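Chemist: If you read the sequence shown in the numbering used here, its first letter stands for residue 1494, the second for the next number, and so on. Yeah, the Cβ is synthetic: ideal placement off N, Cα and C, and Gly gets one too. Everything numeric in this text was worked out from a predicted model, so none of it was measured. Before I ask anything, let me first share the structure, which is written out below as structure tokens.
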Amino acid sequence: MALLRKRPAARGGGHSGSWVVSFADLMSLLMAFFVMLLSFSVQDQEKLNEAAGSVQNAFGIQPFASMTGVMERDGNPQRDFLKNMSPLSTKASTDIASADNRQNESQGQEANTFSKDRTSIERAAQYAMAAASLTQAWQDLPEITSFSDNIDFEDTDDGLSIIISDRDGAAMFPPGSKYPYELTRKAIAAMAPSLQKLPNRIRITGHTASGGTYENPRYGPWELSFDRANVARQILQETGFASDRVESVIGRGDSDPFFPSDPYAPANQRVSITLLYEKPPVPVDLKP
């Protein structure tokens, strides 16, 4: 966009030349303003992605990658490597946006504005603030930094997942036990105050890695994964998280590995706490 600058007075003669140059700048500004107004009235998926990406970059969120390790080490909260995530499907969101736009056509062009863009940006900002709050809570416990690689954030279709998983040489649970190690318990308990301040409900899901051995034939990966998720729920509630904010507790066994190409990897054994993305309720007095 051209900037309107103060020009020096013309020397001698008339002032038509100076006026023509200023008028050209004015027309450029008006044209840019017209394009901006037009962009507000037409939803553009590329523009949405750019806007959401700008907010994500500003808050340090990677759209298709998760930082491996969220703790600050040596004064630097970032790590030198990323763990790749699969891109989220956009088909469902595109279908919903198209349906909503068709529904709003009868209301005029003003109905199809930046509502979807704004929702996406607000969601990204909310998750960034939640991640920052949780990271700060863990940093207040220096002993937890010893297994910072065991904690990851992942942006999913359902919401922001906080994943506590095993790593080589650093397990979160004793083998076959539903009760976590003490450091794991402290890490989960430290989340409760931050989660309680957020409006989101949570879903707690337990997972196990393939290849585990179980002495009791009636107690296997499904039972163990559920019990671990349920114990995580109990720890959160004991440290201040309201029970009515828990949407569900689920055990997935070894059916949903974090690394499908290596179902035996220690990182497949994990508990995820998902901050659910839920649309605001429709007002009771809303009329069509």
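Could you please give the first and the last residue of the uninterrupted alpha helix (DSSP H) stretch that includes residue 1658?
Modeler: Within the sequence shown, residue 1658 is the residue found at index 165, counting from 1. No alpha helix (DSSP H) holds residue 1658; the beta strand (DSSP E) holding it covers 1652 to 1658.
Chemist: Around the Cβ of residue 1759, are there at least 16 other Cβ atoms within 10 angstroms (buried) or fewer (exposed)?
Modeler: Translated into positions along the sequence shown, residue 1759 becomes position 266. Residue 1759 is classed as buried because its beta carbon has at least 16 other beta carbons within 10 Å across all chains shown.
Chemist: Using a Cβ-Cβ distance cut-off of 9 Å, determine whether residue 1695 contacts chain D.
Modeler: Of the chains in the structure shown, none is chain D; there is only one protein chain.
Chemist: Out of 1640, 1613, 1654, state which residue places its alpha-carbon closest to the alpha-carbon of residue 1623.
Modeler: Within the sequence shown, the letter at position 130 stands for residue 1623. Residue 1623 has its Cα closest to that of 1654, out of 1640, 1613, 1654.
Chemist: Can you list, in chain order, the residues of its chain with a C-beta nearer than 8 Å to that of residue 1674? Leave out the 5 residues immediately preceding and following it.
Modeler: Within the sequence shown, the letter at position 181 stands for residue 1674. Here the set comprises 1664, 1665, 1666, 1667.
Chemist: Going straight from the alpha carbon of residue 1742 to that of residue 1529, what length do you get?
Modeler: One-based indexing of the sequence shown puts residue 1742 at position 249. One-based indexing of the sequence shown puts residue 1529 at position 36. Answer to the nearest angstrom: the Cα atoms are 47 Å apart.
Chemist: So for residue 1570, helix, strand or coil by DSSP?
Modeler: Here residue 1570 refers to the residue found at position 77 when the sequence shown is read from its first residue. Low local confidence applies: a pLDDT of 43 at residue 1570 is under 50, so the model's placement there is unreliable, with the coordinate-based value given in what follows. Correct three-state label for residue 1570: coil.
Chemist: Quick one: Cα of residue 1767 to Cα of residue 1710, how far?
Modeler: Counting from one through the sequence shown, the residue named residue 1767 turns up at place 274. Counting from one through the sequence shown, the residue named residue 1710 turns up at place 217. For residue 1767 and residue 1710, the distance between alpha carbons rounds to 31 Å.
Chemist: What does DSSP give as the partner residues of residue 1454 in its beta bridges?
Modeler: Given a span of 1494 to 1781 for the chain in the structure shown, any question on residue 1454 remains unanswerable.
Chemist: Residue 1697: which of 1631, 1633, 1657 sits nearest, CA to CA?
Modeler: Position 204 of the sequence shown, counted from the first residue, corresponds to residue 1697. The residue with the shortest Cα to Cα distance from residue 1697 is 1657.
Chemist: With distance defined between alpha-carbon atoms, name the residue in 1683, 1721, 1637, 1745 nearest to residue 1732.
Modeler: What you label residue 1732 is simply residue 239 of the sequence shown in a count that begins at 1. For residue 1732, the nearest C-alpha among the options comes from 1683.
Chemist: Please identify the residue among 1771, 1615, 1523 whose C-alpha is closest to the C-alpha of residue 1694.
Modeler: Position 201 of the sequence shown, counting from 1, holds the residue named residue 1694. Closest in C-alpha terms to residue 1694, from the list 1771, 1615, 1523, comes 1771.
Chemist: To the nearest angstrom, how far is it from the Cα of residue 1719 to the Cα of residue 1726?
Modeler: By one-based count along the sequence shown, residue 1719 stands at place 226. By one-based count along the sequence shown, residue 1726 stands at place 233. Going by the C-alpha atoms only, they are around 11 Å apart.
Chemist: In or out: residue 1617 buried (at least 16 other Cβ within 10 Å) or exposed?
Modeler: As a working note, residue 1617 is residue 124 in the sequence shown. Per the 10 Å Cβ criterion, buried.
Chemist: Less than 8 Å between the CB atoms is what I'm expecting for residue 1762 and residue 1722, so what's the real figure, rounded?
Modeler: By 1-based counting over the sequence shown, the position of residue 1762 is 269. By 1-based counting over the sequence shown, the position of residue 1722 is 229. So it is not a contact: roughly 12 Å between Cβ atoms.
Chemist: Taking the alpha-carbon positions, what's the residue 1635 to residue 1525 distance?
Modeler: If you number the sequence shown from 1, residue 1635 lands on position 142. If you number the sequence shown from 1, residue 1525 lands on position 32. Distance between the alpha carbons of residue 1635 and residue 1525: 52 Å.
Chemist: Nearest by alpha-carbon distance to residue 1729: which of 1620, 1769, 1752, 1680 is it?
Modeler: For the purposes of this step, residue 1729 is taken as residue 236 along the sequence shown, with counting starting at 1. Of the listed residues, the one whose Cα sits closest to residue 1729 is 1680.
Chemist: Less than 8 Å between C-beta atoms, sequence neighbours within five positions excluded: which residues of the same chain meet that for residue 1660?
Modeler: On the sequence shown, position 167 is the one that residue 1660 refers to. Closer than 8 Å at the Cβ level, and outside the excluded window around residue 1660, lie 1640, 1642, 1643, 1759, 1760.
Chemist: For the region 1706 to 1753, list the beta strand (DSSP E) runs that are entirely contained and at least 3 residues long, ordered along the chain.
Modeler: 1739 to 1744
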